[in-house]
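**Q** Under full-length UniProt numbering, the residues of the sequence shown are numbered 1 to 79, in order. Sharing a structure below in structure tokens format, with a few things to ask.
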Amino acid sequence: MSRKIKLIWDFRGPASAKTAEHHEIHLKEFIAIEKLPLNITGFKIINDMHAIAFMVVTDENMIQVRDALKPHRGEVYSE
Numbered sequence: 001m002s003r004k005i006k007l008i009w010d011f012r013g014p015a016s017a018k019t020a021e022h023h024e025i026h027l028k029e030f031i032a033i034e035k036l037p038l039n040i041t042g043f044k045i046i047n048d049m050h051a052i053a054f055m056v057v058t059d060e061n062m063i064q065v066r067d068a069l070k071p072h073r074g075e076v077y078s079e
């Protein structure tokens with residue numbers, strides 16, 4: 001079984017929550033267009049000035065998605 005990688009985009013400032021929520025829509029669109037095998041996305045509000053949007057990809061797709069979407073960071077995904 002292939003490793004799953006969580007790609008993360010950080011958003012900061014008073015509009016960070018809405019921006020992260022909106023960014024997730026574009027991540028879902030990208031998954032559909034590229035026909036990626038995993039459809040795991042989300043956003044999380046860290047505090048009132050920091051939120052993240054994320055998507056989970058397989059090891060095999062990580063380089064392609066990373067180069068196309070330029071996430072700020074990544075980590076190994078555990079369910």
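Heads up, the beta-carbon is just placed ideally off N, CA and C, and yes, glycines get one too. It should be emphasised that the depicted structure is a prediction, and the values quoted were computed from it without experimental measurement.
1. Tell me whether Val76 is buried or exposed, calling it buried when 16 or more other Cβ atoms sit within 10 Å of its Cβ.
2. Grab the span of the beta strand (DSSP E) containing Glu75 for me, first residue to last.
3. What number of angstroms, rounded off, separates the C-alpha of Leu49 from the C-alpha of Glu21?
4. Cutting at 6 angstroms between CB atoms, please list the residues of its own chain near Glu24, excluding the five before and the five after it.
5. Could you tell me the alpha carbon to alpha carbon distance between Arg12 and Glu60, rounded to whole angstroms?
6. Identify every residue that forms a DSSP beta bridge with Thr41.
7. With C-beta atoms as the reference, is Ser16 less than 9 angstroms away from Ile45?
**A** Well, looking at it:
1. Position 76 of the sequence shown holds residue 76. Exposed, because fewer than 16 other Cβ atoms sit within 10 Å of the Cβ of Val76.
2. Here residue 75 refers to the residue found at position 75 when the sequence shown is read from its first residue. Per DSSP, the unbroken beta strand (DSSP E) holding Glu75 starts and ends at Arg73 to Val76.
3. Reading the sequence shown from its first residue, position 49 is the one you call residue 49. Reading the sequence shown from its first residue, position 21 is the one you call residue 21. At residue 49 the sequence reads Met, which differs from the Leu that was named. For Met49 and Glu21, the distance between alpha carbons rounds to 14 angstroms.
4. Stepping through the sequence shown from its first residue, residue 24 is reached at position 24. These residues qualify, in order along the chain: Thr41, Phe43 and Ala53.
5. Sequence index remark: in the sequence shown, residue 12 carries index 12 (1-based). Sequence index remark: in the sequence shown, residue 60 carries index 60 (1-based). For Arg12 and Glu60, the distance between alpha carbons rounds to 30 angstroms.
6. Within the sequence shown, residue 41 is the residue found at index 41, counting from 1. According to DSSP, Thr41 bridges with Met55.
7. Working through the sequence shown from its first residue, we reach residue 16 at position 16. Working through the sequence shown from its first residue, we reach residue 45 at position 45. Yes, they are a contact pair.
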